[in-house]
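Below is one structure; the comments refer to it alone.
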Amino acid sequence: MKITKQQAEDYLLQMYQIRAFEEQAEKSYMAGKIHGTMHLSIGMEASAVGSISTLEPTDFIIGHHRGHGLTIAKGADLNLMMAEFYGKANGYCRGRGGSMHIADVEGGNLGANGVVAGGIPMAVGVGIGLKMQKEGRVLLAFFGDGAASAGAFHESMILAVLFQVPVVFICENNQYAMSFRTSDWADSAKIAEFGKLYGMPGTSTNGNNLLEVREAVQKAVEHARAGNGPSLVVNDTYRWRGHSKSDRNRYRTQEEIDEWKEKDPIVRFTEVVLKEKLLTEEEIEKIREQGYADIEAARAFAEASPEPEVATLLEGVYAP
Amino acid sequence: MREITYLEAIREAMTQEMERDERVFMIGEDIGEYGGAFQVSYGMLEQFGPERILDVPITELALTGAAVGAALIGMRPIAEIMFMDFTTLASEQLVNQAAKLRFMFGGKATVPMVLRTPSGSGTGAAEHHSQSLENWFTHIPGLKVVQPSTPYDAKGLLVSSIRDNNAVVFVEHKLLYKTKGPVPEELYTIPLGQADIKREGKDLTIIATAVMVQRSLQAAEELAKEGIDVEVVDPRTLRPLDKDTLINSVKKTGKVLIVHEAVKTSGIGGEFAAVIAESEAFGYLEAPIMRLAGEEIPIPYNRMLEYHAVPQVENIIEKARDLAQLKV
C-alpha cells in the first residue's frame, strides 16, 4: 500500500505523540502528579494510527480502557487530553473521566471505557443509528483480546450481522488480558475466525506494521461505507508496559518483552519510509522532536490548568 | 373520554411518538410478529416496518447496549426487556454505561433512551419472571425510574420518558396491563418527578406504587365505610422523587403507611420513610412510619403461596386500620 510523503509525516508524528504521551503519563504518575491508575499503549501505536488513518473526520471511534493512543489518532487536542489526564477543569471531561474515560463526542470519539467489552454493545447501537441517519458515516469499535472472551462481544457480533451495521470491530490483541495469556485459548487468527463464524469478514494483521493494519482496516471501512455491513480486524501487537500500575510482570519474562521491543512499530515504520525514500533521517528526527515537544507543551498546559471547582461537583449527571 | 387499557396506552404512546419523531425506534425480543410477550407492540411492525421495530434474538446485554449507543449519536431508542428479572443481564450497559456516560464525559454526552420492562408477581410465573427490582435502579445517579399505575399515567409518563434526554427505566406492571381507564387520544405529557394524589383523605396517608396503588384505593373504599378517611399518594416517578407531595400529605394526615410489592428490606419504601423522617413532616407524625411490602422470599409458584408473598387488599386494610386507630 502506497502512501504520500504527507501521510508518512502525519502517521509518524501521531505515533511519536502517542509514545511521548504515554512516557509523559508514566513520568507524571511517578512524580505523584496523577492519582488513580492508567493503562499505557506503548508498543501498540501502529494499531491505533494505522486503523484510524482510514477514517473521515465525521466518522466515529469507540474505545477501550487503554485508549490514549486511539484518542490521539482520532485527532484529539493534546492539551485538553493531557488536562483530562491530570483531572483538570478544562480537560475533555472536565476532570470527571480521567485516563480511562477520555471522550470527545463532538470530535467523533465516543470514549474510552473502564469496563472490558463495555463499548462493544454500544458500537452496535451506534451502527444502527448511523445506518438510520443515512449519512454514510462509519464507526471503528476498538477492544482488546480480553474482551474477545466476554459474552458482550459475542452477543454484539450477532446483532451487528443481523442489522448489517457500518462498523469495523477492531480487536487489539496485545497478548494478555491483564495477566491471562490469551494464546492459551486463542491467537489472533482464531479471534478473527469469530468474524467469519458470525457472518462477517474476519482478518488478522501484524498489528505492529502500520501499513498492513491500514490496508486491512481500509478494506473493512470501504465494505462498511458501501452498505455491506460489519467486519472484524484483529491487530496482533504487544504492550511493553504492564497492564496498569499494579502490574509486577509476574506472568511474562523480560526476554519476551525484549523480543517484542525488537518489533517496535515506530522503528518498523521509519525503516519503510526511509526505504521508500518518503522521508530522510533528518526529517524523521525533526518529526520525533515535534511529537515530544507537542506532549511537553501539553504537560505544561495541563499543569498550569485549574482544578475543577468543588462547587461544580454535582453538575452533569442529568441532561436538561 | 374513551377508555383503553394500560397496555394500549403504552402502545399508543410509542406509536404516536414514532409517528411524530423519526429518531424514535424500538428494539427488543419478540416485539415484531409476536407482538411482544405481553402484546404491547402488537401491530407496530406492520405500521413501522422492520427498520424501526428491531426484533432481536436473546441478547439482553447487547440490545440494551445498542440502545445506549444509538442514543449517544442522537437517536431515541425504546428498548424492551421482556421481564424485569432479565434486567440483571442488561444491567452492565444500563448501570455502567447509560447512567454514567454524561457525567463521565463532563456533561458533553446525552443518552436519551427508555428501557421498558414489566415487573411484578400474580401471574404464576414464579421466581424468574415475577420480581420487582425498581429500587435497584433508583440507587443509580444518572438513571430516572418511572412506575405508572393507571392507563392515563402510563401514556403521559411514557411520552415524557421518550422525550427526556436521559436514560429512563420505565417499569410496567403485568397485572395492570389489562386494567382500563380514561386516556385522551391526543398526545400529552406528565412531567417526570411529579407525584399524584389518587385519593384525598385526612386521617392517614398511604404511599403506594404500581399495582399497590389500585389495591390501596380499594382498601381506602372499604376503610371509608368504617369512617377512616385515607389519602392515597402515587409517586409515579421514583427517581427523581417528588418529595414535596409526600411530605405535604403526611403533614396533613399525621400518619403514613408505605405499600409496595418489592421485598421490604432495602426497598424504595425505606427511602420514602427516610424522606419523611428527615423533613418537617417529622414533627407532624402522630405514629411511627409503617411499611407493608413483599415478604423476604423469592416469588413462589403455588397460587396461594404467591398470593401471600405480596400485600393484598385485606392486608392493606388491616395495617391501615391499625395505624389509623393507633394512639401514641
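Note that the protein sequences, when read in sequence, are chains A and B.
Take the first sequence: its letters are residues 1101 to 1420, numbered as in the numbering used here.
Take the second sequence: its letters are residues 7 to 334, numbered as in the numbering used here.
Here a beta-carbon is modelled for each residue, glycine too, at the ideal position from N, C-alpha and C.
All of these numbers come straight from a predicted model, not from anything done at the bench.
Asked: Enclosing beta strand (DSSP E) for residue 1162 (chain A) [first to last residue]; Found: 1160-1162
Asked: Selection of the stretch 62-78 of chain B by Cβ proximity to chain A, strictly under 9 Å; Found: 62, 63, 64, 65, 66, 67, 68, 69, 70, 71, 72, 73, 74, 75, 76, 77, 78
Asked: contact_flag[the stretch 129-140 of chain B, the stretch 1384-1404 of chain A] where n(CB pairs < 8 Å) is 3 or more; Found: no
Asked: Short CB-CB distance (under 9 Å) between residue 1332 (chain A) and chain B; Found: no
Asked: Minimum length 3: unbroken beta strand (DSSP E) runs contained in the stretch 1130-1194 of chain A; Found: 1160-1162
Asked: Span separating the alpha-carbon of residue 1291 (chain A) from that of residue 1248 (chain A); Found: 7 Å
Asked: Closer than 9 Å to chain B by CB, residue 1387 (chain A); Found: no
Asked: Cβ-Cβ distance between residue 195 (chain B) and residue 166 (chain B) below 9 Å; Found: yes
Asked: Residues from the stretch 1201-1217 of chain A in contact with chain B, defined by Cβ distance under 9 Å; Found: 1201, 1202, 1203, 1204, 1205, 1206, 1210, 1211, 1213, 1214, 1215, 1217
Asked: Reference residue 35 (chain B), options B:122, B:228, B:218, B:97, closest by Cα; Found: B:122
Asked: Residue 5 (chain B), enclosing beta strand (DSSP E) - first and last residue; Found: Because chain B here runs from 7 to 334, residue 5 (chain B) falls outside it and cannot be looked at.
Asked: Short-range partners of chain B found in the stretch 1276-1301 of chain A, where Cβ spacing is below 8 Å; Found: none
Asked: Chain B contact residues for residue 1416 (chain A), given Cβ-Cβ distances below 7 Å; Found: 108, 109, 112, 113
Asked: Among A:1226, A:1320, A:1329, the one whose alpha carbon lies nearest that of residue 1262 (chain A); Found: A:1329
Asked: Beta-carbon contacts of residue 1197 (chain A) that lie in its chain and below 7 Å, excluding the five residues immediately before and after; Found: 1184, 1203
Asked: Residue closest to residue 175 (chain B), alpha-carbon to alpha-carbon, out of B:151, B:162, B:161; Found: B:151
Asked: Contact set for residue 1349 (chain A): own chain, Cβ-Cβ below 7 Å, skip 5 residues either direction; Found: 1342
Asked: Residues sharing a beta bridge with residue 32 (chain B), DSSP; Found: B:59, B:84
Asked: Three-state secondary structure assigned by DSSP to residue 1273 (chain A); Found: strand
Asked: For residue 298 (chain B), the nearest candidate out of B:312, B:323, B:285 (CA to CA); Found: B:323
Asked: Counted within 10 angstroms of its Cβ, other Cβ atoms place residue 1434 (chain A) as buried (16 or more) or exposed; Found: This structure leaves residue 1434 (chain A) out entirely; chain A is present only between 1101 and 1420.
Asked: Residue 243 (chain B), DSSP secondary structure in three states; Found: strand
Asked: Proximity of residue 1151 (chain A) and residue 1325 (chain A) at Cβ, strictly below 9 Å; Found: no
Asked: Where the alpha helix (DSSP H) containing residue 152 (chain B) begins and where it ends; Found: Residue 152 (chain B) -> not in any alpha helix (DSSP H); beta strand (DSSP E) instead, spanning 149-152.
Asked: For residue 1304 (chain A), the residue or residues it bridges with in DSSP; Found: A:1334
Asked: Cutoff 9 Å: residue 1233 (chain A) Cβ touching any chain B Cβ; Found: yes
Asked: Residue 169 (chain B) beta carbon less than 9 Å from that of residue 82 (chain B); Found: yes
Asked: Below-9 Å beta-carbon distance, residue 93 (chain B) vs any chain A residue; Found: no
Asked: Contacts that residue 1405 (chain A) makes with chain B (C-beta to C-beta distance below 8 Å); Found: Going along chain B, no residue has its Cβ under 8 Å from residue 1405 (chain A), so there is no contact; the nearest lies around 14 Å.
Asked: Under 9 Å between C-beta atoms of residue 260 (chain B) and residue 307 (chain B); Found: no
Asked: Residue 116 (chain B): contacting residues in chain A (beta-carbon distance under 7 Å); Found: 1419
Asked: Short Cβ contact (9 Å threshold) for residue 293 (chain B) with residue 334 (chain B); Found: yes
Asked: 7 Å Cβ cut-off: residues of chain B touching residue 1175 (chain A); Found: By Cβ distance, chain B contributes nothing, its closest Cβ being about 16 Å from residue 1175 (chain A), past 7 Å.
Asked: Pick from A:1360, A:1118, A:1162 that is closest to residue 1275 (chain A), judged by C-alpha positions; Found: A:1360
Asked: Chain B contacts made by the stretch 1252-1269 of chain A, where a contact means CB separation under 8 Å; Found: 1252, 1255, 1256, 1258, 1259, 1262, 1263
Asked: DSSP three-state assignment for residue 1101 (chain A), whether helix, strand or coil; Found: coil
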